[in-house]
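Worksheet for the structure shown next.
In the numbering used here, the protein residues as written are 7 to 119.
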């Protein structure tokens, strides 16, 4: 539910609306009720606590880097996905709706070096 509020807030910001579902005083009571409901659900077993994935170790990052150095079409696609995921700070396909021609600049490979 909190992620949904943040997503709605981003949508408002991107469309230049002066409404903040996170900080505006009108939404504090709703935020407090949501927090209480989430705690109640957690205690009753309806919600599970957040489980984060383990940190990627240095040797694992090296393996990923070596794999992504390949110039096969599949590896190139994974490399772009990986770089965009880091750039947008997201995982999976969450950032794909944000990708459009106005947000990306395509350059020749020699300009990256």
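Glycine is no exception: its CB is placed at the ideal position from the N, C-alpha and C atoms.
Within the same chain, and ignoring the five residues on either side of residue 85 in sequence, the residues whose Cβ sits closer than 6 Å to its Cβ are 74. For the pair residue 27 and residue 38, the Cα-to-Cα distance works out to about 13 Å.
Between the alpha carbons of residue 31 and residue 90 lies a distance of about 35 Å.
Rounded to whole angstroms, residue 68 and residue 35 show a C-alpha spacing of 47 Å.
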